[in-house]
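Following the UniProt record's numbering, the numbering of the sequence shown begins with 1 at its first residue and continues without gaps.
Backbone N, C-alpha and C fix where the C-beta goes; we use that ideal spot for every residue, glycine too.
Keep in mind it's a predicted model, so treat the numbers as computed, not measured.
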Amino acid sequence: MNETCDSEQLTSFINHHIPGAKLKAKTKEKLVYTLPLEKTSKFPEFFSDLDKYSGQGLMNYEVSMSTLNEVFMNLEGEPSTTQDFEKGETLTDSDSLNEMEVAPPSLSKAQKTMSAMSLWRMQVCAIARLRVLKLRRERKAFLTFLPLLGISLIPLITEYMANALIEVKTNWEFKTDLYFLSPGQLPQGLRTSLLVINNTESNIEDFVQSLKHQNIVLEVDDFENRNATESLSYNGAIIVSGRQKDYRFSAVCNTKRLHCFPILMNVISNGILRMLNHTQHIRLEEDVLSSGIVVVWFGILEASLSILFIVCSVSPHIAMSSISDFKKKADSQLWISGLYPSAYWCGQALVDITLLSGILLTGYITLYTTKLMHIYLTGEIVLSIVLLAFGCAASLVFLTYVISFVFGKKRKNSGLWSICFFIRAYQYYREFGESKYGLSGVDLLLCLIPYFHTLLFIFVLRCLELKYGKNVVRKDPLFRIAPQSLHVQPNPEEPVDEDEDVQAERMRTSDALSTVNLDEKPAIIASCLHKEYTGQKKWCCSKRRKKIAVRNISFCVNKGEILGLLGPEGAGKSSSLRMIAGIMKPTAGEVELKELSSAVAHQGEGHGAAKLGYCPQENVLWPILTVKEHLEVYAAVKGLRKKDAVIAISRLVNAFKLHDQLNVQARNLVVGLTRKLCFALSILGNSPVLILDEPSTGLDVSGKQQMWQAIQAAVKDNKKGVLLSTHDLAEAEALCDRAAIMVSGRLRLIGSIQHLKRRFGKDYILELRVKEISQEPLVHKEILRLFPQAARQDRCFSLLTYKLPVTDVHPLSQAFHKLEAVKRGFNLDDYSLSQCTLDRVFLELSKEQELGDVHEEADITMRWKLLPPSDEL
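Written out as structure tokens, the structure reads:
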């Protein structure tokens, strides 16, 4: 219909002829009605009058049977039309289609006022929370970490046991009878009396009496009579100088007596205590076997060093979670959703550094409390330990991040990297020897070296992201990485034998690229996209074969439009969507998306609503996170404030009926619920562009209807563009304003569904159900008489199916008049007459699909031939 057609008047006209007719769908270009099957007797008169109605804005009309999906939905009691959904019958809280927005109306304003750093902080907190949840629930990784931690604690346990053993068995007390005679003891061995020399010019009887109480034989003399340094016949001597009450003592020892000096110091100390009327006695002991010697005997490290080596060994087990994100392609989904690369790494580091530094500090506290670290803690030492703990943890974490980025495409191998880290730390210890505990001002600055290493590794990580990382949709405030505008490579192929509609679309795309007015630009512009893969060698001397996935395709998606991308397996649909989304870099071509930049084009800095709604074909969920946690993480990544996120998540849960699954982990969800969650994450955040790669795969009919209604709600304001890849032709007919069919990487057809049907739907399908099998020959003969070019299609019990050319069917009023006569004459159960569906158009073009697809080599030993349908009985 055109703009002159009055839809209300046309609806009234149809209801007048066919009571019970209902308006199913309404767009700018067409109206869809459902007519009751029991009213077929009124169809001849109705279509005859409808032919006369064409002068009032009705350009053409078609007829088809209801699909099985709609029948199923009617049996389930669910609304099967967009109009019913707008009345809110599918929402448990009676929200209407207008109210089922994935973000509240105030969200766009909130995003404009949110600064880049505010969004960065919100994303860092979201990734940190994600990292904590993964650590809490990854039991397998934790159980793998425990044996390593246990092995690493062996040096601490061994040193502690050795210390306990030494303290019990090998303590040796230094007594005076080792070198000096006791009263009444005869001279024997190496023992001598203790010589006391008075150099005070006064009486020192008080000191002499204090020495006698220690059971030592004394010889007292004046300094003038005897010089102690010349008296080699004594093991030791004490020279007393000064004046009374203020004595000064000098100890003179025989160099041949190894422990003489500590014994003399102990004698003097006990003498002074006695002079001060103290009864306590000082004892002097020594450990014959030190713990350091025991550690050397066993060939293990000292406990203080083993703590640092433990942290070096466990860092790969803790800080390599980005590899699992890469393998699940969760990192790509986060980047497309607007996550800053620096926020991803800093969010993880916030948790990993805290965990590693906590292990290190806990180890040193344990050493000090168990007295394995024999040092006196000063303020400088405490400060240095804290600085070293956080600095070493930070440098190790970011070094591990760099390794994860470089080797992300391979296995995790955290155990192998743990061994490498331990060996390197041990080599460093062997080269530089024992550490020093005395810290000067310069030594304190050495504690800042790990922080310099941390900054260096962050810079290396930034360079890797810039060179080899995924393109960002907005400028990173920390890494200072902006959306890249890549050089457009010339297309290696020229379009050959293109359909006239495809050529017109290519011209329209070229004009849209050159348009300066942003309001006139489509939501999605894909111009001359071409993608080639380099295949693997079959043997070392063979050449690599190139596989072409997409061949020079161009199309646009207008604002408020849903474009369906159809095609058989291996036609290049998913590759096209990945290039448009920015996940994959094209060999040639360019893309422009509304309000953001893709991987191959650049529009400004990407601030504001710079995020893309993308639902990939594969599962990109974290298995250990619940449905609610997924929604909350992505809401924060996309910049939804807490209040807005709660509203948006609540509406999505109501729309997709996820109340019972909110606290269920993703690994326990069935396939249909997994696809629902992936789709909900893509539409969360009010993105101006939605790219959906077979979102309804694995859903039941009810789930498909919910998803279809959500897609229609997303484009209702005519501001969003949706690109939908699907194998479900019924889905394309129900949703898409236009459809583009790809075959062997080429765009073969593009246009509205009705336009494709008119161009390629040259036949009608007639189905008749007889009551008795004996009626089949007579009914078949009558159909051939009424429709001479009818071709029998299927042979099914009591069901006759024919393909009728358009020339035999039009006008429809005469065709229904003939069929009504057959129904009455043969007393048929029922019959149906439908125009060729989009399935027929799709199958006709799919015959041209090449044997080999993008991912597999074709088997040249097999030949396929499509047999034409038989017209015989």
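Nearest to Glu3 by C-alpha distance, out of Arg243, Leu339, Gly57, Pro805, is Gly57. Following the DSSP letters along the chain, one finds His780 inside the alpha helix (DSSP H) bounded by residues 776–786. CA-to-CA, the gap between Arg769 and Phe46 works out to about 23 Å. In the structure shown, Gly408 adopts coil according to DSSP, grouped into three states. Look at Met742 here: in three-state DSSP terms it is strand.
Judged by DSSP in its simplified three-state form, Lys475 adopts coil rather than helix or strand.
Annotation for Thr27: Asp737 place their beta carbon closer than 8 Å to its own, counting only its chain and skipping 5 residues before and after. Here the alpha carbon of Val311 sits roughly 20 Å from the alpha carbon of Ile458. Of the residues Cys447, Trp172, Ala319, Glu201, the one whose Cα lies closest to the Cα of Asp222 is Glu201.
Following the DSSP letters along the chain, one finds His278 in no beta strand (DSSP E), marked with neither H nor E.
The beta carbons of Val557 and Leu612 sit about 13 Å from each other, so the pair does not count as a contact at 8 Å. By the CB criterion at 8 Å, Glu733 and Ile753 fall inside the cutoff. Following the DSSP letters along the chain, one finds Phe555 inside the beta strand (DSSP E) bounded by residues 546–557.
Within a 10 Å sphere around the beta-carbon of Thr400 sit 16 or more other beta-carbons, which makes this residue buried. Measuring C-alpha to C-alpha distances from Asp499 to each of Gly338, His780, Leu747 identifies Leu747 as the nearest.
Boundaries cannot be given for Arg191, as no alpha helix (DSSP H) includes it and DSSP labels it neither H nor E. If you look at His259, you'll find it isn't in any beta strand (DSSP E); DSSP assigns it neither H nor E. Each of Gly564, Ile524, Val637 was checked against the Cα of Ala116, and the nearest Cα belongs to Val637. With the rule of 3 Cβ pairs closer than 8 Å, the region 499–513 counts as touching the region 547–554.
Between the alpha carbons of Gly391 and Leu383 lies a distance of about 12 Å.
Going by DSSP, His453 is part of the alpha helix (DSSP H) stretching over 449–468. For Val701, the closest of Leu692, Phe797, Glu731 by C-alpha to C-alpha distance is Glu731. Under a 10 Å Cβ-count criterion, Ala588 is classified as buried, with 16 or more other Cβ atoms of the shown protein chains found around its own Cβ. Rounded to whole angstroms, Arg283 and Gln214 show a C-alpha spacing of 12 Å. Under the 10 Å beta carbon count, Cys463 is surrounded by fewer than 16 other beta carbons and is classified as exposed. Taking a cut-off of 8 Å for Cβ pairs, the region 699–717 and the region 667–682 touch, as three or more such pairs fall below it. About 6 Å separates the beta carbons of Ile624 and Gln665, which is inside the 8 Å limit, making them a contact pair. The alpha-carbon of Asp808 is positioned some 15 Å away from that of Val63.
If you draw a straight line from the Cα of Val806 to the Cα of Asn471, it is about 52 Å long. In the three-state scheme derived from DSSP, where H, G and I count as helix and E and B as strand, Asp352 is classed as helix. Contact fails between the region 642–657 and the region 576–590, because fewer than three Cβ pairs, one in each stretch, are under 8 Å apart. The beta carbon of Val196 sits closer than 6 Å to the beta carbons of Leu218, Val220, Ile238 from its chain, once the five residues preceding and following it are set aside; these are given in chain order. When DSSP states are grouped into helix, strand and coil, Ile18 belongs to the coil group. Here His530 is buried, its C-beta having at least 16 other C-beta atoms within 10 Å.
Thr369 and Pro695 have their alpha carbons spaced roughly 59 Å apart.
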